[in-house]
Amino acid sequence: MAQPPPGSQDNLGQQHGSPHAVDASETARDSTTISSSSSTKHDEQPDIKGNARSSVVDEEKGQPAAGEDDENEETDNGPALRGNHDGVVGGAASDGHGSGKQPEDGVQGGLLARVRSRASTTRSKHFDPGPPPNGGVQAWIAVACTHLVIMDTWGVINSFGSFQTYYTQLLGRAPSDIAWIGSFQIFLLFFIGTFTGRLTDAGYFKHLLVTGTVLQLVGIFTTAQATQYWQIFLSQGVVMGLGNGCIFCPSLATVSTYFSTRRALALGLAAAGSATGGLVFPSIVRQLLPSVGFPWTMRVIGFVQLATLAVACVGLRTRLPPRRAGRLVEWSAFREPEYTFYAAGSFFCFWSIYIAFFYIASYSRDIIGLAYIDSLNLLLVVNGVGAIGRLLPNYIADRVGAINMYAIFALYAAVAGFSWIAVHNTVGLYVWSVVYGIAAGGIQSLFPAGLTSLNTRDLSKSGVRIGMVFTINSIATLTGPPIAGALITADNGRYLGAQLFTGVVLLIGMCFIICAKVSLGRSTGLGWRARV
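This note's numbering puts the first residue of the sequence shown at 3, with every later residue one more than the last.
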């Protein structure tokens with residue numbers, strides 16, 4: 003039987019209306035039309051298949067996919083492109099009988115799935131949490147947990163006067179030598195702020211919180227075993243200082259992202275933790291040191307910190323998505339005059355604000371003649387009234403501006419520093435402790451509130467901008483108390499030099515804070531009326 007000539011079967015199929023032939027023909031025409039349309043709009047629509055294949059090849063080579071770095075740029079026709087491409091592949095793969103399906107279609111489907119997955123990942127990285135809630139359960143939990151963190155960091159630091167007097171008697175060292183222990187602890191708390199702040203922005207907040215908690219506990223329990231100067235310096239000054247730095251700046255930066263309109267009050271409530279710790283820890287020392295001795299006194303403090311920091315580790319959560327890209331130091335911030343003036347003013351304020359916390363107990367013993375146990379009562383007073391200085395000024399600051407209140411309290415603290423010279427009896431010392439405690443509490447709580455008010459455009463940079471000023475302040479807190487101790491030693495045990503140093507330096511700090519306020523008023527166009 004004769005065979006039909008080549009191609010005659012196709013022609014016969016077309017003549018008799020074969021459905022397979024018609025489908026194939028229509029598919030070919032559709033493919034030609036789509037191909038022509040794609041080439042016409044080549045400048046408007048990228049080659050999705052080519053990009054998908056290139057993306058997979060790049061991933062297999064360990065290189066980032068093309069366009070993956072441009073995470074912030076998205077075109078409006080992206081979803082339409084994906085829809086058009088899905089239609090092309092779907093049309094080629096679904097011809098009614100499967101005859102038009104090519105082996106490559108499965109690969110293309112896999113590539114599309116990976117492209118969609120990458121797009122979904124990019125969108126999740128850029129999840130917008132919205133504006134600060136200025137309240138809510140999680141926001142106030144963050145405030146409460148940060149209160150506990152500051153209690154275990156600044157509460158111990160503000161109580162160092164009890165250790166200053168005890169270590170001086172135990173070790174027989176000069177006051178300036180003992181002051182290096184506490185000042186180095188504050189130095190590390192502030193100094194590593196640049197690093198911990200940037201790591202917080204990058205999404206490592208929980209890692210820092212857990213690491214800092216472990217270091218804090220190791221430091222306090224090893225201090226309980228220390229009997230020599232270098233051992234106490236290493237455990238309390240270095241290890242606890244590193245732990246403080248890992249948890250303080252990140253916690254403060256996290257709280258600031260939850261608030262905009264009530265930020266000063268929220269930070270004031272959190273900062274009041276130093277007053278809580280300043281009451282709790284000296285009371286523990288006062289009650290236990292004479293009865294159970296130094297080692298078990300420190301262990302009890304350690305158990306209190308273990309319980310409170312465990313709560314903080316569970317309750318504190320970040321609100322903003324991680325900002326992986328970015329510099330360790332935002333040098334551009336120093337091109338803002340208000341930021342630079344504020345950093346300088348804070349440096350001078352913190353250079354002298356802790357001198358009284360370190361030396362008020364020894365002053366009461368050396369000049370007034372109080373016993374060691376009675377001298378600890380002064381620490382309780384100066385720390386207890388500090389709660390007023392942390393809450394009331396911050397409540398007012400939400401209405402008149404945190405920087406405005408910071409300048410006022412810097413002047414207030416400077417006057418209190420000079421008035422210390424006139425204190426010569428027990429009643430006067432208690433009154434002065436109340437006055438100075440409120441002033442110092444205001445300085446410590448208004449400082450972060452004013453600093454965060456300088457960064458309203460990009461809250462994702464709060465950690466690094468706060469940490470940079472913390473690092474600057476670390477030099478001040480490292481050198482301030484030892485300088486005061488050296489002045490006391492040089493003046494044969496008299497405190498006049500340390501008292502003058504306290505007042506003068508705070509006055510200089512106030513001048514720089516006013517300059518920051520003026521500069522910010524000019525940049526906003528509001529001048530002196532600016533509520534900043």
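In this text, a Cβ means the ideal position worked out from N, Cα and C, and glycines have one as well.
- Of the residues assessed, G214 falls on the buried side of the cut-off, its CB having 16 or more other CB atoms within 10 angstroms.
- Contact annotation: the stretch 485-505 touches the stretch 417-433, with at least three C-beta pairs closer than 8 angstroms.
- Annotation: the continuous alpha helix (DSSP H) that includes P252 extends over 242-258.
- Secondary structure of H149 (DSSP, three-state): helix.
- Y397 has its alpha-carbon roughly 17 angstroms from the corresponding atom of Y260.
- Here P323 carries a coil assignment [DSSP, helix/strand/coil].
- For L322, the closest of V520, I516, A141, V534 by C-alpha to C-alpha distance is A141.
- Excluding residues up to 5 positions away in sequence, P324 lie with their Cβ nearer than 6 angstroms to the Cβ of G205 in the same chain.
- Sequence-distant Cβ neighbours of L372 in its own chain, meaning closer than 6 angstroms and more than five residues away, are S366.
- The continuous alpha helix (DSSP H) containing H209 extends over residues 207-225.
- The shortest C-alpha to C-alpha distance from M512 to any of G499, Y408, A488, A255 is the one to Y408.
- Separation of G523 and V507 (C-alpha to C-alpha, rounded to the nearest whole angstrom) is 25 angstroms.
- S348 sits in a helix when the DSSP states are folded into three classes.
- Contact fails between the stretch 379-389 and the stretch 475-488, because fewer than three Cβ pairs, one in each stretch, are under 8 angstroms apart.
- By the criterion of at least three beta-carbon pairs nearer than 8 angstroms, the stretch 230-239 is not in contact with the stretch 270-290.
- Given a length threshold of 4 residues, each whole run of the alpha helix (DSSP H) inside the stretch 423-502 is given here in chain order: 428-455, 464-492.
- At a Cβ-Cβ threshold of 8 angstroms, G482 and I286 do not count as neighbours.
- Restricting attention to T263, G184, L173, F189, the CA atom closest to the CA of F349 is found in F189.
- Taking 8 angstroms as the cut-off, the beta carbon of T263 is found closer than this to the beta carbon of N136.
- The alpha-carbon of D376 is positioned some 28 angstroms away from that of W232.
- Selection K208, S258, A181 evaluated against P134 yields S258 as nearest (Cα-Cα).
- If the five residues before and after C517 are omitted, its C-beta is found closer than 7 angstroms to the C-beta atoms of F343, all from its own chain and listed in chain order.
- Beta-carbon to beta-carbon, L318 and T256 are separated by about 6 angstroms, close enough to satisfy the 8 angstroms threshold.
- Assignment of G195 by DSSP, reduced to helix, strand and coil, places it in the helix class.
- For the pair C147 and G270, the Cα-to-Cα distance works out to about 13 angstroms.
- The Cβ atoms of D154 and L290 do not sit closer than 8 angstroms to each other.
- For Q289, the uninterrupted alpha helix (DSSP H) run begins and ends at 275-294, by DSSP.
- The Cβ atoms of L380 and L431 lie closer than 8 angstroms to each other.
- Counting along the chain, D400 sits inside the alpha helix (DSSP H) bounded by residues 388-402.
- Of all alpha-carbon atoms in P395, Y169, I222, the one lying nearest the alpha-carbon of F411 is that of P395.
- Its chain contains V387, I390, G391 as the residues whose beta carbon lies nearer than 6 angstroms to that of I440, once the 5 sequence neighbours on both sides are disregarded; these appear in chain order.
- Take G452, set aside five residues on each side of it, and the residues of its chain with a beta-carbon closer than 6 angstroms to its own are A404, I405, Y408, in chain order.
- If the five residues before and after M470 are omitted, its C-beta is found closer than 8 angstroms to the C-beta atoms of G195, T196, G199, V331, E332, A335, A345, all from its own chain and listed in chain order.
- Of the other Cβ atoms in all chains shown, fewer than 16 fall within 10 Å of the Cβ of H426; this residue is therefore exposed.
- Look at P177 here: in three-state DSSP terms it is helix.
- Taken atom to atom, the span from the alpha-carbon of L378 to that of S435 is near 12 angstroms.
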